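In this note's numbering, the protein residues as written are 543 to 739. Scroll down for the structure; my scribbles are underneath it.
This is the structure in structure tokens:
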């Protein structure tokens, strides 16, 4: 009997959930809205959602609308916050430079696109302005971008022939459509299996 009373007391203690004071998320520039997924993340931490969205949209008004910006928010105990907005992610820049919408589904085993070393250097110059790359050599940032590109299935080459690459992208478009169709079929089959049980 006394064991049950102890268990009830512990339930009350466990109910309060303490969230991490550091929130990391990608928010589209100029499009922060109180709806999901941003609104619930802020609400759980006790922040004023409307004020946060207004401040974020004001800070990103000069950036191309819809650009995914990695945002780091440190929440203080008095419910104030410090917001750090970084440049877009490496994968966004790599996909833009390669002219593709998605990376490889099979990682390094499949070629999704190509970029040149000049693209890598330009991306590194942009990313070097982020606070976490403040005291990092440009060479190291370039190496990280090359590694990231290869994991996405994007090859890094010295020279890129525009006509040859245009043909590659046309062929790649057909492969991507087939992959999407295959994924949709798997999804439908899975839904049928779960509905049958």
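Just so you know, even glycine gets a beta-carbon here, dropped at the ideal spot from N, CA and C. In this text the structure is predicted, and so the values were computed from the model without any measurement.
With 16 other Cβ atoms within 10 Å as the buried cut-off, status of residue i
i	result
residue 598	buried
residue 661	buried
residue 725	exposed
residue 543	Bear in mind that a pLDDT of 49 at residue 543, under 50, signals an unreliable position, so the number given afterwards is only what the model happens to contain. Exposed.
residue 611	buried
residue 649	exposed
residue 630	buried
residue 632	buried
residue 694	buried
residue 665	buried
residue 696	buried
residue 667	exposed
residue 608	exposed
residue 722	exposed
residue 682	exposed
residue 574	buried
residue 729	exposed
residue 663	exposed
Residue i in three-state terms, based on DSSP
i	result
residue 703	coil
residue 605	coil
residue 625	strand
residue 677	coil
residue 610	strand
residue 583	helix
residue 697	strand
residue 573	coil
residue 564	strand
For residue j and residue i, believed in contact at Cβ under 8 angstroms, the rounded distance
i	j	result
residue 718	residue 621	Actually they are not in contact, since the Cβ atoms of residue 718 and residue 621 sit about 45 angstroms apart, beyond 8 angstroms.
residue 596	residue 572	Between residue 572 and residue 596 the Cβ distance is about 11 angstroms, and since that is not below 8 angstroms, they are no contact.
residue 659	residue 605	Not a contact, Cβ separation roughly 26 angstroms.
residue 654	residue 714	7 angstroms
Cut-off 6 angstroms between Cβ atoms - residues of its own chain near residue i, not counting five sequence neighbours on either side
i	result
residue 639	657, 661
residue 566	614
residue 635	665
Neighbourhood of residue i by C-beta distance below 7 angstroms, restricted to the same chain and skipping five residues each side
i	result
residue 601	627
residue 711	641
residue 569	580, 598, 611, 613
Cut-off 8 angstroms between Cβ atoms - residues of its own chain near residue i, not counting five sequence neighbours on either side
i	result
residue 671	629
residue 678	670
Checklist entry - Which ranges would you report for the alpha helix (DSSP H) in the segment 628-686 if only whole runs of at least 4 residues count? => result The segment 628-686 contains these whole alpha helix (DSSP H) runs: 632-640, 659-669.
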